[in-house]
Structures are given as structure tokens and as C-alpha cells.
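*Asks:* Take a look at the following structure, please.
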Amino acid sequence: MNIQFLGIKNQIKKSGCSSCGSRQVSKHMFQREARMVLPSGQTKTFYAGELYDVMEKDGNFLLEQTYSLDGQAVKMFKLG
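Okay, structure coming up:
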């Protein structure tokens with residue numbers, strides 16, 4: 001099964017400064033790699049945009065992986 005890692009977009013929030021009065025800052029950061037332990041027992045590092053040939057059991061597991069961005073579930077992998 002061929003899958004592609006899409007990357008992970010994280011939101012970083014920094015609190016404002018009570019001394020100088022600056023406001024809270026929010027930025028988005030794109031994580032280009034992720035290291036995961038697969039159901040087959042392999043530890044694999046995935047890089048955004050790359051295609052990977054994995055066993056069907058591992059592929060189905062990876063296709064179910066999501067993360068939360070602004071309250072919405074976003075998939076980390078897609079079929080390649």
C-alpha cells in the first residue's frame with residue numbers, strides 16, 4: 001500500500017506581556033517530519049510529501065491518524 005505523509009500544522013500561542021502591554025501572539029508552524037511506531041513493530045520516520053510503501057495493516061493504521069487544528073480533525077496521511 002502506498003501512502004503519503006502530509007505533514008502537521010501546529011498552532012503556537014505566546015502570552016502577552018503584562019509589563020509592556022503587548023498582546024497574545026499566535027503563529028502556525030509546519031512540522032515536516034514525524035516518527036511513529038507502526039503496528040508491525042517498525043519505527044519509521046515520515047517526511048512531508050514523500051511516498052512510502054507500507055504493509056496494508058500499517059497503512060490502514062496511518063490513514064486513521066489525525067491531529068486537531070482549530071478544533072477540526074485533520075488527516076496526517078493520504079493514499080499515494
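For the sequence shown, full-length UniProt numbering assigns the number 1 to the initial residue and increments by one for each residue that follows.
Glycine residues also receive a C-beta, built at the ideal position from the N, C-alpha and C atoms.
Remember, it's a predicted structure, so these values are computed and weren't measured experimentally.
Given a threshold of 16 other Cβ atoms within 10 Å of its Cβ, counted over all protein chains shown, does residue 62 qualify as buried or as exposed?
*Replies:* In the sequence shown, residue 62 corresponds to position 62, counting from 1. Buried, because 16 or more other Cβ atoms sit within 10 Å of the Cβ of residue 62.
*Asks:* Taking the alpha-carbon of residue 8 as reference, which of 29, 36, 1, 44 has the nearest alpha-carbon?
*Replies:* Taking the first residue of the sequence shown as position 1, residue 8 is located at position 8. Minimum Cα distance to residue 8 is reached at 29.
*Asks:* So what does residue 158 bridge to, in DSSP terms?
*Replies:* What the structure shows of the chain is the stretch from 1 to 80, and residue 158 is not part of that stretch, so it cannot be assessed.
*Asks:* Who does residue 69 pair with in a DSSP beta bridge?
*Replies:* For the purposes of this step, residue 69 is taken as residue 69 along the sequence shown, with counting starting at 1. Residue 69 pairs with 72.
*Asks:* Which same chain residues, not among the five before or five after residue 40, have their C-beta less than 7 Å away from its C-beta?
*Replies:* For this step, residue 40 is matched to residue 40 along the sequence shown. The residues are 55, 57, 58.
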